[in-house]
Amino acid sequence: MSDPLYSHREQQNDQRFDQLAQTLHQFRNTVSNDIRGVIEQENSTLDLLNDGFSQLMTQVKRTSGNLTTVLKRNANLTRLVGGILLIFFVIWMLFKLR
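Numbering (the working numbering), first residue to last: 27 to 124.
Here's what the structure looks like:
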């Protein structure tokens with residue numbers, strides 16, 4: 027009598043182990059797909075940010091080059107504007123410290 031009961035319990039245990047294995051497999055796939063999706067989304071965002079910063083850096087270099095060219099062409103005007111800005115900054119600091 028214990029022999030059929032034992033084999034029945036073994037079958038139940040095997041079924042439960044199979045169910046558990048299937049559940050774990052589905053869980054792993056779900057977690058793996060979720061992680062992969064998040065990683066792809068973050069990589070896409072990083073690529074967009076990289077492109078944006080590259081364009082910004084290009085524009086800053088171009089503007090800096092243009093500014094240098096203008097400053098070299100008009101040295102007297104550059105000194106005059108620099109002096110005015112320096113005087114304005116000194117006056118502003120004196121009033122701010124009061």
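Where is the CB? At the ideal position from N, CA and C, for every residue including glycine.
- Taking C-beta atoms as the reference points, L97 and T104 count as a pair closer than 8 Å.
- In the structure shown, R42 adopts helical secondary structure according to DSSP, grouped into three states.
- Here the C-alpha atom of I113 lies approximately 15 Å from the C-alpha atom of L123.
- Bounds of the alpha helix (DSSP H) holding R105 are 101-123.
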